[in-house]
Amino acid sequence: MANTSLIRRLWLAFALMALLTLLSVATGWLNLRYVGRVEQADTQSLLSSMNMARHLSVASARVLFSAQQLLSAQDEQEWQVQRTMLGKQSQKIVYLLHQLSAQGFDTRAMVQLETANRQAIIQQGDVVHQRLQLTQQQRQLSDNIGAAAHRIVDLAQGQASNAATAAGATQAGIYDLIEQQHTAAAGQALDRLIDVDLEYLNQMGELRLIALRVEQIVMTLKRYNGAAEPAETPLAELIQVLHRRQQRVEDPRIRQDIREALAIVAHYTTLLEMCQQQQRLHAQLATLSQQNFTLFSRFSSEMERQVSEIEQRNAEALSRVNRARVLGTVALALLGVMALLTLSLVLWRLVYRSVSLPLARQTDALQRLLDGDLDSPFPSSGNARELNTISRLMEAFRTNVRALQYQQQHLAELVKNRTEELQALVVEHHQARADAEQANRAKSAFLAAMSHEIRTPLHGILGTAQLLADQPLNISDQRYVQAINDSGETLLFILNDILDYSAIESSPKTITLHNAPFEPRQLLGSVAQLMNGRAHNKGLALNIEVDAHVPEWIQGDVHRLRQIVMNLVMNALRFTENGAIVLRIKSCASEWFIEVDDEGCGIAHDDQEAIFAPFVQLQPGKGGTGLGLAICRGLAQAMQGQLTVTSQPEVGSCFRLTLPLVHASATVLLPDSAPADLSHLHVLIIEDNPLTQQITAEMLKRKGARVSIAGSGESALAFLAQGDDIDCALVDFALPDANGIELAQKLAKFYPATRRIGFSASVPDELQPHADKLFCGIIQKPVHGETLCRQIVRFLASAPVTDLNTNQLKQDYDTFGADTLRNWLALFRQHAMPLLDDIESAEQDEIVSKLAHQLKSSCGSLGMQTAWQACARLEQDPQADIPLRAIVERGLVEVEAWIYQENREAQSDSSGEENGVRN
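Numbering (my numbering), first residue to last: 61 to 979.
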């Protein structure tokens, strides 16, 4: 094996192991084949012999049973069935004996016995057949004789009856003669009665009895089967008596009938001979049965001998199988020991010594090399080519590692320098990103400031124009006022487009949506009402089509939807010269659609997608900023919808707004066309611009509202502290001393009953989430006076009203706990509730005001703000009709319910934390 490959050594070892395995398998297969053949041959022979012996035993038993049944056969059919069965079983026995003889068994004695037995059974069957025929004849003759005897009985009974009748008549005549004193005649009649009538009656009775006796004996002979000696019967004497008595019958016809019956009865001798023949046949059958039994006994003994021989052969076969199995087991054991020794030698010589041990040494050396021990010596590779190759590779690896160490130091220096350069780039990138974000914030701040600075004077311009329009003006002045109003609205429309596009350009997610239930039919109606005048001026028809499947109420931002529809309708009016414009609403299971279909100039297919880009105008002479459709598509995407167009040049265009369908329940909203009534409201305007204050106050007063004005947050709080009843506060977001959110938080904390509505030119994005929580709604300046009043009514109608100052109760609950609050309730009922009785019974206004002031302090300490306000109003106006007791009691119930609910939530949170700790 000088310089032999390791692979060749392994292949040699595997070949030897495979050869040993093949040899073991071949030896085992030959051994099992030999054992199987021996076992199969013996088993088949034994099973066949045992099976034939079993069938032979069953057939002989059936023959014996059928022979017994043949003896007891009652009719020809049963005899024929048993005879057929005996023939089949005999044939089967002959066949089985032939099979046993073919397998080497001596069955000559059994064949002779079977032949003798079959002949005896045939003879026995013939005798049984004779007995059946004789029995049938015997029963038929017995029936004939019995019937004749019974006929004699009936005839004798009739004659006896006639004799009895005659005797009775004679007896009656004798009584008559005795009564008539005819003694001689009576004596003769008596002699005749005794000698003739009574004698004849006795003879007929004797004839009947003898006939019955004969019938009984004949029936006994009918059932005789020869099993015993027949009993002696006096039939001859009885029949002779019957002959004598039939001669005494007076009626010739009856005497002839009896004679004929006696002629039949005279065949009794034949019946007696049949009985004797039955006895002889019975004796013959008994002899044959004993002979058959003897033959069957000998046959059974012979069959037992055959079974014993079969069992002996079975034992010999099992012995041969065991010897073959033992021989195979010993051979396999010897082969296994030899294979194990050979395999051990192969593994030690070819695998361990030539492969495993050198590889283990090379592996240890390689591991030391990988651990960094480059100076460790390599083991001898022996005469294996692979090990020599591994040794050369390890030496080359050690050389390369030493070279790589030098290269690594050089690369480390390069990486360090590059890292410093990348860090500098990262710092520059962060600075550039911070500058971009600062610029974006500056742009947003600029737009917000510009929006506020432009909207505020624009509110003054439009508001003044609206107030002037309500004054009696001449036609020229009305045109000037309308021109001011149209110009202001155009400027407002352009400003809204710029701000909306800025928000959409930043991110559609920054657009604030106010989803609420609305009526889609009312939306289209309001848009059509606003645009009807412009359509009429151009000679166009503005139609509305609403699908019947459109729900009555839908959830969505109705203001943004109105903005999109208004923009689409204005575009349709701008590009349509004649025909009609159709506003259409349709819906399906999950979506609803708004379509604006016109008959204008149409849009080419290549330009249909370009029109949604900002600042794109296909016909610049038509006016507009080029932002409308871009804003509409951005708003549609913000509402999870899409805006598409289908158009043909010179035919028309159809813009479709597709939105997800969200059903909503009906709610009470003020229609756009309904006038707002503010006569029941006291509104506080918190605004620093004097012109905005004046115009807004005038708008509200014209709708009946009571208006108060505060120029700053501090003055608003001071005004509310005076206790005046304020229903609503219009809060500007840009006050000189505070922003709108801070002021709204203070109002919510100290005056929660005063509902707050945002009233500002713009709402910064960072304040929008707080604004939605603190305000009932937000009204954006500038706004039309009628629209302002309707929105105030709508926001106040949808704002939740509560009798409690939950912020105060929450602070007290967190500070003192639920038990302390319950104690305060008990003290209130004990000390404050009697004040209600005093107020109701007081007659002077001063006392009512004083008591109301005391009760107001107690209600305020428990956060019952509605009760506090009622007490404050009663304090100011003691004559006011206020259901104070009902308000206070309702407040107490709500405080108790609030404490209970808060306590449950606290316990639930505590149990949740405990479970979290356990988990």
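Heads up, the beta-carbon is just placed ideally off N, CA and C, and yes, glycines get one too.
- Boundaries of the beta strand (DSSP E) around His742: 742-746.
- Per DSSP, the beta bridge partners of Val606 are Ile645.
- The three-state secondary structure of Cys714, taken from DSSP, is strand.
- Shown here, Ile817 sits in a strand according to DSSP, grouped into three states.
- The beta-carbon distance between Ile645 and Leu584, rounded to whole angstroms, is 6 angstroms. This is short enough to meet the 8 angstroms contact definition.
- Contact between the region 294-309 and the region 333-353 is not established, with fewer than three Cβ pairs separated by less than 8 angstroms.
- For Ser707, the three-state secondary structure derived from DSSP is strand.
- Listed as beta-bridge partners of Glu651 by DSSP are Pro720.
- Look at Cys788 here: in three-state DSSP terms it is strand.
- Counting along the chain, Pro674 sits inside no beta strand (DSSP E), nor does DSSP assign it H or E at all.
- Membership of Pro580 in any beta strand (DSSP E) is not indicated; the residue belongs instead to the alpha helix (DSSP H) covering 580-597.
- Met924 carries a strand assignment under DSSP once its states are collapsed to helix, strand and coil.
- Between Val955 and Leu864, the C-beta gap is smaller than 8 angstroms, which places the two residues in contact.
- Of the residues assessed, Asp607 falls on the exposed side of the cut-off, its CB having fewer than 16 other CB atoms within 10 angstroms.
- Pairing Leu269 with Leu194, the inter-Cα distance amounts to about 30 angstroms.
- Close CB contacts of Thr87 within its chain, under the 6 angstroms cut and outside five residues either way in sequence, are with Leu395 (chain order).
- Within the region 850-895, the runs of alpha helix (DSSP H) at least 4 residues long that lie entirely inside it are, in chain order, 866-876, 878-887.
- At a cut-off of 3 residues, not a single continuous stretch assigned as beta strand (DSSP E) sits fully inside the region 203-253.
- Sorting Ala690, Phe578, Asp905, Glu900 by C-alpha distance to the C-alpha of Pro611 places Phe578 at the top.
- Per the coordinates, the alpha-carbon of Val309 lies some 12 angstroms from the alpha-carbon of Ile212.
- Within the DSSP secondary-structure output, Pro577 pairs in a beta bridge with Gln615.
- Nearest to Asp317 by alpha-carbon distance, out of Ile654, Leu915, Gly218, is Gly218.
- With the rule of 3 Cβ pairs closer than 8 angstroms, the region 735-745 does not count as touching the region 648-662.
- CA-to-CA, the gap between Ala78 and Pro418 works out to about 24 angstroms.
- Around the beta carbon of Cys648, fewer than 16 other beta carbons sit within 10 angstroms, so the residue counts as exposed.
- DSSP places Ile521 in the helix class (H, G or I) of the three-state scheme.
- In the three-state scheme derived from DSSP, where H, G and I count as helix and E and B as strand, Asn262 is classed as helix.
- Three or more Cβ pairs closer than 8 angstroms define a contact, and the region 769-778 meets that threshold against the region 742-756.
- Annotated as distal: Phe835 and Ile852, with beta-carbon spacing of 8 angstroms or more.
- In the DSSP assignment, Ile839 is bridged to Phe819.
- Here the region 321-331 makes contact with the region 190-208; the two share three or more CB pairs at distances below 8 angstroms.
- Shown here, Gln163 sits in coil according to DSSP, grouped into three states, outside any helix or strand.
- Around the beta carbon of Ala930, a 10 Å sphere encloses 16 or more other beta carbons of the protein chains shown; the residue is thus reported as buried.
- With a threshold of 16 other beta carbon atoms within 10 Å, Phe855 meets it and is buried.
- In the structure shown, the three-state DSSP call for Ala601 is strand.
- For Ser768, the three-state secondary structure derived from DSSP is strand.
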